[in-house]
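First the structure, in the form of structure tokens, and then the observations on it.
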Amino acid sequence: MLERARWAIPVSAVPRKEPKQPYASYFRAIARLRREREIPGRGFARYVGQDAAGFGFTETNMYVDWESPFTLIGLARLLDGPGDGRRSGYLVFTELLPEPEASWLRLDGRPHAAELLVEIDGERSAR
């Protein structure tokens with residue numbers, strides 16, 4: 001694998017929890033978005049947008065487990081702008097690979113995350 005799959009979703013397309021909306025209803029709306037876009041159950045999310053000067057920026061990746069209610073709280077914080085505003089930009093979701101259960105690195109019998117980085121140079125040397 002050279003790169004994990006990613007989904008870029010306009011913030012305007014991500015359901016927002018209304019003040020009196022039950023969490024169960026909001027959870028179903030998010031689940032529908034996941035199904036429609038075929039987003040896996042776990043991964044990383046971040047906000048990518050522009051600041052007032054028009055420069056692109058990104059937030060730090062947030063671990064996402066769509067089965068956890070805490071994800072919904074974190075997602076709301078990630079996408080809410082200053083005051084009651086909502087940011088414009090994109091929610092970028094990146095798949096979680098390998099899944100923790102399939103990790104090749106084990107310490108004391110428990111899986112641990114590991115990445116190997118290989119730099120590929122497009123220029124060939126004249127040897």
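Under UniProt numbering, the first residue of the sequence shown carries the number 1, and numbering increases by one thereafter.
No residue lacks a Cβ here, since even glycine has one placed at the ideal position from N, Cα and C.
Rounded C-alpha distance that separates residue i from residue j
i	j	result
Ala8	Pro111	29 Å
Glu101	Ala13	32 Å
Ile39	Leu117	25 Å
residue 147	Pro15	Here the chain has residues from 1 to 127 only, and residue 147 is not among them.
Ile120	Ser103	24 Å
Arg32	Ala114	32 Å
Ala29	Arg77	17 Å
Glu18	Pro69	16 Å
Glu123	Glu36	41 Å
Glu67	Leu2	27 Å
Ser25	Glu99	28 Å
Lys20	Leu105	45 Å
Which residues DSSP lists as bridging residue i, in chain order
i	result
Glu123	Glu123 is not bridged to any residue.
Pro111	Arg106
Phe44	Tyr63 and Thr94
Thr58	Val48
Arg6	Thr94
Cβ-Cβ distance between residue i and residue j below 8 Å
i	j	result
Arg4	Leu75	no
residue 131	Gly89	The displayed coordinates of the chain run from 1 to 127. Any statement about residue 131 would go beyond what the structure contains.
Arg34	Thr94	no
Same chain, Cβ closer than 6 Å to residue i, neighbours up to 5 away in sequence not counted
i	result
Val64	Gly43, Ala45 and Thr71
Beta-carbon contacts of residue i that lie in its chain and below 8 Å, excluding the five residues immediately before and after
i	result
Leu79	Val11, Val14, Arg16, Tyr47, Arg86, Arg87 and Leu91
Phe27	Pro69 and Leu72
Interface flag, residue i vs chain C, CB-CB below 8 Å
i	result
Tyr26	Given the protein chain composition of this structure (a single chain), no chain C is represented.
* Asked: Does the count of Cβ pairs from the region 57-66 and the region 103-110 closer than 8 Å reach three?
  -> Because the criterion of three Cβ pairs below 8 Å is not met, the region 57-66 and the region 103-110 do not touch.
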